[in-house]
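Structure record follows, encoded as structure tokens.
Numbering (our numbering), first residue to last: 91 to 844.
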């Protein structure tokens, strides 16, 4: 098989390498439809680029281009292309268009002998197009064609014809502003037999027979390029114009070393195109953020590449250098092993790997391989900004060869965990990357301004403590790795002048307490006994939302501890830790603390809301750890969810019902905390509500006999016309247990049948 360099017009009517003459081109039946004129973003981009290349080649002063190889079977002087159908069709349309615009007659032009066998309609359309030309000056080419008598309305349903009309429109738009002189010159350059503007290598095979097997085998090359192949070609073309000295290196690496790196993450079809695309997008987003821009998740990669590497971008060379390094740093590296050495998802005493709290759930290797996770999940819900920052930290380390990286990585993790929605927003990524540069590369916390500033201060305090007491490093790290603290030690006294052994005792006590979830219900009671440690949020109607910690939810304690160094929390917590430490870690001390508090309150006859929540465990069982509490504390909503738009318990009514032997399964309420909540009894009429003064009776009957019985009971309990059973109080605090008094009241109501 001999190849010949030729052009479309020169292809016809003469011998090719003295083997056979080609008089006609026919797209065989087995070939697919013409695709370069299809609709769709990726196809439109390819078509635009191709038409631009053709335009530049044929216009005066343009550089000729070669369209690579076209392979076909020659039978009876007819070329049946196996590879090149799309390019040949476009060249046929270009010749037809420019011949018309240049005023060249169709008669006698051999290039017109082009047809389709895929459908009769496509063949008839090509034949008609090769016969007729629009009048000079026609400005609506598509409309003229479809308005001709030879154009059948049914041809609208032929995808090849529709695509050819789209391509003709694209040519019309591109050449619209060209002058008559330049169009005539373009036509001459196109059909020049010696030095054509557009050429290709023809590989004809003279077989004298056509077989479907041959077409099926060879037509695999006619499949459309994948999105990744299109992107790669576009990026190579872009680099040729901006950084031509890097093109060869890029082309070689993307097909060899970089492909080898990603091969470990191939999908079930043994492809890595999607993995390449995701990692390229990650790196492009990093480049955008590094120059202070905002990423666009909807932009295609070609558009991003154009904005980053075009000569108009002053940072283009810097971005390209970073792109190369972002791939090169993984070369010849066991990436799984690298991340396993750096990160873990469970504490490992035999390893210095850093515990992370947000592993990729679907990832193999315990979810720590962030590079593999990026290749598989970047841009998806599972991949978070925290993952991007952690992976960027590792990239910076490998690019710059930073010293003491485990320490810097620990700081990064701690800052990420303490930075919530206010800091970890996509619009802050540029500033966060600046912070990462200072932490990882420059090894400083100075001018770290976007991460949570309380945690930045906490990191400085820990560094000062460890500088004074290096032996505390392991203890500090164990605390940081606790799932409730996640790096934030704001609740601890980090004063370097303090006794380091006392710090260790408190740390061990904390881990003893909070690593054992079974003790959390008692722990909340003991903490409340030592002080009101709650985080408070103001609500309407005189209520406040208290956050107390949860009997079973880790995240609630996490929110309670994060960034808090106020005395309301640190003092009772420190006292609790000291109690546990002084009792050798015996958790029985939790009950002792509560019992002591209860006895003291009863002895002093001062029973506030803390007394009730400490004495009655059922009153602090809310899963969310959130309680809407009235100003005096005798009206409370105990939330299982985090918001009032959910069903919740009234802890006073719940404990009263439990003590009185009433059913509690359906004792739920819904609505604002200011709405009335009453205890209904299945065997009674009167309902009860906890109010500041005591118990409010409601649903008073109108029946005279029932009213008479109620009046007699009210006289015994000193209940007035307002029907409030007043609990004895001093300084607006109960002096006796209102739950006990309420149970007495219910027994009396049951006794009179109300």
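For glycine and all other residues, C-beta sits at the position ideal for the given N, C-alpha and C.
To the nearest angstrom, how far is the alpha carbon of residue i from that of residue j?
i: residue 311; j: residue 184; result: Here residue 311 scores only 42 on pLDDT, less than 50, and its place in the model should not be relied on; the value that follows carries that caveat. The alpha-carbon atoms of residue 311 and residue 184 are separated by roughly 23 Å.
i: residue 903; j: residue 749; result: One cannot answer for residue 903 here, as it falls past the ends of the chain, which runs 91 to 844.
i: residue 740; j: residue 759; result: 8 Å
i: residue 773; j: residue 659; result: 44 Å
i: residue 287; j: residue 95; result: 12 Å
i: residue 829; j: residue 745; result: 7 Å
i: residue 582; j: residue 670; result: 15 Å
i: residue 503; j: residue 376; result: 19 Å
i: residue 143; j: residue 258; result: 15 Å
i: residue 552; j: residue 663; result: 19 Å
i: residue 844; j: residue 742; result: 21 Å
i: residue 709; j: residue 702; result: 7 Å
i: residue 250; j: residue 186; result: 17 Å
i: residue 673; j: residue 680; result: 10 Å
i: residue 236; j: residue 328; result: 38 Å
i: residue 332; j: residue 364; result: 26 Å
i: residue 436; j: residue 132; result: 44 Å
i: residue 448; j: residue 598; result: 25 Å
i: residue 643; j: residue 320; result: 50 Å
i: residue 578; j: residue 460; result: 24 Å
i: residue 309; j: residue 214; result: Low confidence applies here, because residue 309 scores a pLDDT of 41, under 50, leaving its location unreliable; read the following figure in that light. Whole-angstrom Cα-Cα distance: 24 Å.
i: residue 518; j: residue 729; result: 34 Å
i: residue 605; j: residue 510; result: 24 Å
i: residue 789; j: residue 472; result: 54 Å
i: residue 736; j: residue 252; result: 57 Å
i: residue 167; j: residue 111; result: 5 Å
Take residue i as the anchor and find which of the options has the nearest alpha-carbon.
i: residue 683; options: 480, 619, 527; result: 619
i: residue 576; options: 733, 351, 548, 367; result: 548
i: residue 196; options: 365, 666, 219; result: 219
i: residue 417; options: 464, 435, 388; result: 464
i: residue 348; options: 422, 326, 834, 705; result: 422
i: residue 756; options: 771, 665, 278, 596; result: 771
i: residue 489; options: 786, 190, 340, 412; result: 412
i: residue 521; options: 494, 380, 534; result: 380
i: residue 336; options: 414, 345, 145; result: 414
i: residue 589; options: 579, 562, 572, 607; result: 562
i: residue 594; options: 564, 621, 811; result: 564
i: residue 661; options: 634, 623, 690; result: 623
i: residue 162; options: 153, 317, 665, 177; result: 177
i: residue 124; options: 132, 135, 103, 206; result: 206
i: residue 725; options: 665, 647, 635, 678; result: 635
i: residue 832; options: 484, 98, 769; result: 769
i: residue 719; options: 479, 228, 763, 103; result: 763
i: residue 785; options: 810, 385, 685, 799; result: 810
i: residue 239; options: 229, 224, 527; result: 224
i: residue 654; options: 441, 425, 777, 508; result: 508
i: residue 567; options: 787, 500, 539; result: 500
To which residues does DSSP link residue i through a beta bridge?
i: residue 819; result: 824
i: residue 94; result: 292
i: residue 421; result: Partner(s): none; residue 421 has no beta bridge.
i: residue 785; result: 780, 815
i: residue 461; result: Answer by DSSP bridge pairing: none, since residue 461 is not bridged.
i: residue 115; result: 169, 204
i: residue 718; result: 635, 727
i: residue 739; result: 728
Measure how close the beta-carbons of residue i and residue j come, nearest whole angstrom, since I'm counting them as under 8 Å.
i: residue 600; j: residue 556; result: Not confirmed; about 18 Å, so no contact.
i: residue 738; j: residue 638; result: Actually they do not touch by this definition, with Cβ atoms about 14 Å apart.
i: residue 697; j: residue 827; result: 6 Å
i: residue 291; j: residue 158; result: 7 Å
i: residue 541; j: residue 569; result: Rounded, the Cβ-Cβ distance is 19 Å, inconsistent with contact.
i: residue 203; j: residue 282; result: About 20 Å; that fails the 8 Å criterion.
i: residue 371; j: residue 462; result: Not confirmed; about 15 Å, so no contact.
i: residue 434; j: residue 427; result: Not quite, the Cβ-Cβ distance comes to about 13 Å (not below 8 Å), so this is no contact.
i: residue 126; j: residue 140; result: 7 Å
i: residue 580; j: residue 544; result: 7 Å
What do you reckon, is the C-beta of residue i under 8 Å from a heavy atom of the ligand SAM?
i: residue 373; result: For the structure depicted, the ligand SAM is absent and the ligand set is empty, with no information on it obtainable.
Complete beta strand (DSSP E) runs within the stretch 151-181 (minimum length 3 residues, chain order): Qualifying beta strand (DSSP E) stretches, in chain order: 155-165, 168-173.
Ranges of the alpha helix (DSSP H) found wholly within the stretch 578-656, counting only runs of at least 4: You should have 590-604, 610-620, 644-651.
Ranges of the alpha helix (DSSP H) found wholly within the stretch 260-290, counting only runs of at least 4: The qualifying runs are 270-281.
Contained alpha helix (DSSP H) runs [length at least 4] in the stretch 541-579, N- to C-terminal order: Listed in chain order, they are 543-558, 563-570.
4 or more residues per run - each alpha helix (DSSP H) lying fully within the stretch 452-534: Those alpha helix (DSSP H) runs which fall completely within the stretch 452-534 and span 4+ residues are 460-467, 475-490, 495-508, 519-526.
Those runs of the alpha helix (DSSP H) which lie wholly inside the stretch 328-408 and span at least 4 residues: Whole alpha helix (DSSP H) segments, 4+ residues: 334-345, 347-353, 363-380, 391-399.
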